[in-house]
Amino acid sequence: MESGRVTLHYQPKLTLTERELTGVEALVRWMHPEYGFVSPAELIEAIETTGSIDILFSHVLNLALAQIADWTGRGLRIGIAVNLSVRNLLAPEFTRTVADAVRQHAVPAELLTLEITESSVMAQPERSLPVLRELHSMGIQLSVDDFGTGYSSLAYLRRLPIEEIKIDKSFVQGMVTDLGDMAIVRAIVDLGHSLGLRVIAEGVEEEAARDALRSMRCDGVQGYLLSRPLPLDRFEAWLTSRTMPVEAPAGERLVSLRVRV
Ligand code: C2E
Ligand code: CA
Ligand code: CA
180 MESGRVTLHY QPKLTLTERE LTGVEALVRW MHPEYGFVSP AELIEAIETT
230 GSIDILFSHV LNLALAQIAD WTGRGLRIGI AVNLSVRNLL APEFTRTVAD
280 AVRQHAVPAE LLTLEITESS VMAQPERSLP VLRELHSMGI QLSVDDFGTG
330 YSSLAYLRRL PIEEIKIDKS FVQGMVTDLG DMAIVRAIVD LGHSLGLRVI
380 AEGVEEEAAR DALRSMRCDG VQGYLLSRPL PLDRFEAWLT SRTMPVEAPA
430 GERLVSLRVR V
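In structure tokens, the structure reads:
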């Protein structure tokens, strides 16, 4: 981390109705000097066993907040979603760490989203719920990742202070050819909306999936169809070639971006 080899790639998320870029997901990448590229799954697993996951989280959070500050400094409203491990949420002083970092970088808290997996919240609900409430009261957006794969109690889901659920890519990828997956995706969209949540589909690779999601009124999509996760310089090039500013409402300093058709 200190030598700058642990960096972030960014993958855009957009709304299906207005094609508005709502933000990007930050995905960690490690270029090891001997082994080359190490996948995030391997990196996270290894780092969790060493007990250094908090250090990785702080590193990723600071990179993400610095990037939000850079974009807001240029008048752009682009939020960033950061992934959390189970351990992060249960670390002592977790909310303080996040609050201090947001304050230091002086960015609007609502431009930061934390993605938590269904299984991590459900692991110890009585411990994670107060933490989530505190983050939510600070204005940070909360999203439940990999939705549909875990073991969620619906009664519990209803009590979570979240704004968004992300349908797991396994269902999204299967929905074009598998009626069962299609049914699950539709059910999750309806469930999310009934609970007043925004529903995002991840892993959208095909136009057919995107069109079906639109007809189900799914709110947003993320996936290779729009863009792979990109290093910063290539993401900036993507922004330049693929988006244009939306006129900001009166009194609003930051402009949102719309993806060109
Ligand atoms: P995730 O949070 O579910 O992230 C989405 C994964 O799906 C990413 O894999 C992304 O590259 C991939 N993806 C996006 N669009 C598509 C698509 O259209 N098709 C397919 N097949 N895949 C797509 P990635 O970058 O390898 O990350 C894997 C996992 O590692 C993430 O899954 C997340 O759980 C974890 N991870 C990544 N960065 C971090 C981090 O900073 N902290 C923690 N705790 N976990 C992280
Ligand atoms: Ca995620
Ligand atoms: Ca996911």
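Numbering-wise (the working numbering), the sequence shown opens with residue 180 and increments by one.
Where a beta carbon is used, it is the ideal one built from N, C-alpha and C, also for glycine.
Small disclaimer: the values here were computed from a predicted structure and weren't measured.
I need the boundaries of the beta strand (DSSP E) containing P191, first residue and last residue. The count along the sequence shown starts at 1 and reaches residue 191 at position 12. Per DSSP, P191 belongs to the beta strand (DSSP E) from V185 to T194.
Which runs of the beta strand (DSSP E) fall wholly inside the region 210-288 and span at least 3 residues, in chain order? With a minimum length of 3 residues, the continuous beta strand (DSSP E) runs that stay inside the region 210-288 are 215-217 and 258-262.
When we look at the beta-carbon of R439 and count the other beta-carbons within 10 Å, is it buried (16 or more) or exposed? Here residue 439 is taken as the residue at index 260 of the sequence shown, counted from 1. Exposed, since its Cβ has fewer than 16 Cβ neighbours within 10 Å.
Whole-Å CB distance - E204 paired with A260, under 8 Å assumed: What you label residue 204 is simply residue 25 of the sequence shown in a count that begins at 1. What you label residue 260 is simply residue 81 of the sequence shown in a count that begins at 1. Confirmed, Cβ separation roughly 5 Å.
At what residues does the alpha helix (DSSP H) containing E343 begin and finish? If you number the sequence shown from 1, residue 343 lands on position 164. Taken as a continuous stretch (DSSP letters only), E343 belongs to no alpha helix (DSSP H), being part of the beta strand (DSSP E) at E343 to I346.
Can you tell me which residues form a DSSP beta bridge with M423? Position 244 of the sequence shown, counted from the start, is the residue given in the question as residue 423. M423 pairs with R437.
From the DSSP output, in three-state form, read off R208 for me. Indexing the sequence shown from 1 puts residue 208 at position 29. Residue state, collapsed to three classes: strand.
In terms of DSSP beta bridges, what is E199 paired with? As a first step, residue 199 is located in the sequence shown; it is residue number 20 there, counting from the start. The partner list for E199 (beta bridge, DSSP) reads R437.
Mapping the DSSP letters down to three states, classify E313 as helix, strand or coil. As a first step, residue 313 must be located in the sequence shown, where it is residue number 134. Reduced to three states, the DSSP call for E313 is helix.
How many Å lie between K348 and E381 at the Cα? Stepping through the sequence shown from its first residue, residue 348 is reached at position 169. Stepping through the sequence shown from its first residue, residue 381 is reached at position 202. In this structure, the CA atom of K348 is about 5 Å from the CA atom of E381.
Measuring alpha carbon to alpha carbon, tell me which of G371, W417 and R338 ends up nearest G399. Your numbering for residue 399 matches position 220 in the sequence shown. Closest option to G399, Cα to Cα, is G371.
With hydrogens ignored, establish whether the beta-carbon of D126 is closer than 7 Å to any heavy atom of ligand 3. There is no way to answer for residue 126, as the model of the chain reaches only from 180 to 440.
Near ligand 2, which residues have their beta-carbon less than 5 Å from any of its heavy atoms, given in chain order? Residues close to ligand 2 by the beta carbon criterion (under 5 Å to any non-hydrogen atom) are, from first to last along the chain, N262, E294 and D324.
Three Cβ pairs or more, each shorter than 8 Å: is that satisfied between the region 356-370 and the region 311-325? no
Three or more C-beta pairs below 8 Å linking the region 272-287 and the region 297-306: no
For L370, the first and last residue of its enclosing alpha helix (DSSP H): Your numbering for residue 370 matches position 191 in the sequence shown. The continuous alpha helix (DSSP H) containing L370 extends over residues L358 to S373.
Looking only at its chain, what residues have a beta carbon closer than 8 Å to the beta carbon of R184, apart from the 5 residues adjacent to it on each side? Taking the sequence shown and counting its residues from 1, the one referred to as residue 184 is at position 5. Taken in chain order, the residues that qualify are W209, M210, H211 and P212.
Top-ranked residue by Cα proximity to Q320, from L336, P340, Y335 and A334: Here the question's residue 320 lines up with position 141 in the sequence shown. Selected option, being the one with the closest Cα: P340.
Establish whether the CB of P424 and some CB of chain C are separated by less than 8 Å. The structure shown has no chain C; it contains just one protein chain.
Measuring CB atoms only, is the region 227-239 touching the region 266-275, in the sense that at least three cross pairs come out at less than 8 Å? A contact exists between the region 227-239 and the region 266-275.
Between the beta-carbon of I295 and the beta-carbon of L336, is there less than 8 Å? Numbered from its first residue, the sequence shown carries residue 295 at position 116. Numbered from its first residue, the sequence shown carries residue 336 at position 157. No. Outside cutoff.
Given H188, which residues of its chain have a CB within under 7 Å of its CB, disregarding the five upstream and five downstream residues? Position 9 of the sequence shown holds residue 188. Once the five neighbours on either side are set aside, the close Cβ partners of H188 are L206, R208, P408, L409 and P410.
With burial defined as no fewer than 16 other Cβ atoms inside 10 Å of the residue's Cβ, what is the status of D360: buried or exposed? The residue labelled residue 360 in the question sits at position 181 within the sequence shown. Burial state of D360 is buried, judged by a 10 Å Cβ sphere holding 16 or more other Cβ atoms.
Evaluate S435 with the Cβ neighbour count: other Cβ atoms within 10 Å of its Cβ, from every protein chain shown; 16 or more gives buried, anything less gives exposed. To locate residue 435, count along the sequence shown from 1; it is residue 256. Label assigned to S435: buried.
Please name the residue, chosen from S406, R393, L404 and A416, that lies closest to E197 on a Cα-to-Cα basis. Working through the sequence shown from its first residue, we reach residue 197 at position 18. Considering only alpha carbons, the answer is R393.
What does the Cβ neighbour count give for R170, buried or exposed, with the cut at 16 atoms within 10 Å? Residue 170 lies beyond the residue range present for the chain, which begins at 180 and ends at 440; the question has no answer from this structure.
Using three-state DSSP, classify R432 as helix, strand or coil. The residue labelled residue 432 in the question sits at position 253 within the sequence shown. Residue state, collapsed to three classes: coil.
Label S299 either buried or exposed according to how many other C-beta atoms from any shown protein chain fall within 10 Å of its C-beta, with 16 as the threshold for buried. By one-based count along the sequence shown, residue 299 stands at place 120. The residue in question, S299, is buried, as its Cβ has 16 or more Cβ neighbours within 10 Å.
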